[in-house]
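Written out below as structure tokens is the structure these notes cover.
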Amino acid sequence: MDVNAILQERKRLRIQKEKIKECSLQRKFRQKEKYFNQELNEKLEKDILAEKKQSFYKQLFEQDNNQSQENQEIKPNQNQKQNSLDIKKNINKKKERKQMKKVFTQKNAKGQPILKNYLNLMIKKIEKEKATKN
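Take the sequence shown: its position 123, counting from 1, is numbered 123 in full-length UniProt numbering, and each next residue is one higher.
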């Protein structure tokens with residue numbers, strides 16, 4: 001065989017190996033970057049969910065006496081039927097709130113809260129209601 005042909009073949013194989021190594025390094029880098037971005041997105045989603053839970057608890061357990069008094073006041077411009085409907089709505093809201101408090105404060109024998117995932121479902125339900133109102 002020709003010596004030049006052998007040297008050219010070695011050079012071609014060396015260049016090919018270098019390209020394969022370079023491509024594999026690029027692929028590994030892209031995979032690591034993708035994995036890092038996925039973890040970052042998951043952490044952000046968990047933070048958002050935690051904020052939603054916190055705001056939901058604040059709304060649920062907040063006792064605002066001024067607001068309840070304003071809702072119970074009789075407005076002179078409305079007729080009697082409208083007033084009675086408003087009072088019934090307020091009573092129903094209070095009942096629902098009490099029932100929700102009861103559900104979220106229930107604990108099993110070990111003292112752990114019951115229905116952990118129920119809170120997430122209620123948050124989604126409330127968000128859907130807000131979206132339909134808007």
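Idealized CB from N, CA, C, for every residue including glycine.
With H, G and I counted as helix, E and B as strand and the rest as coil, what does DSSP make of residue i?
i: K107; result: strand
i: N134; result: coil
i: D86; result: helix
i: S54; result: The residue asked about is misnamed: residue 54 is Gln in this sequence, not Ser. Residue state, collapsed to three classes: helix.
i: Q80; result: helix
i: Q112; result: coil
i: D2; result: coil
i: N65; result: Any reading at N65 must be qualified, since the residue scores a pLDDT of 47, below 50, and its modelled position is unreliable; no value is offered.
i: K128; result: helix
i: K11; result: helix
Please report the Cβ distance between residue i and residue j, rounded to the nearest whole angstrom; I am assuming they are in contact, meaning their Cβ atoms lie under 8 Å.
i: K52; j: I123; result: 5 Å
i: L60; j: K93; result: Contact doesn't hold; Cβ gap of about 12 Å is too wide.
Quick check: what's the CA-CA separation for residue i versus residue j?
i: Y35; j: I6; result: 43 Å
i: Q16; j: Q54; result: 57 Å
i: K98; j: N108; result: 19 Å
i: E39; j: E33; result: 10 Å
i: I126; j: K46; result: 19 Å
i: C23; j: L49; result: 39 Å
i: N134; j: K128; result: 10 Å
i: E9; j: K19; result: 15 Å
i: S84; j: E96; result: 18 Å
i: D2; j: R30; result: 42 Å
i: K28; j: N41; result: 20 Å
i: Q89; j: L119; result: The displayed chain sequence assigns Lys, not Gln, to residue 89. Each residue's alpha carbon lies about 23 Å from the other.
i: K87; j: N79; result: Going by the sequence as given, residue 87 is Ile instead of Lys. I87 and N79: Cα-Cα distance of roughly 13 Å.
i: T132; j: Y57; result: 22 Å
i: K110; j: K81; result: 49 Å
i: I91; j: Q112; result: 30 Å
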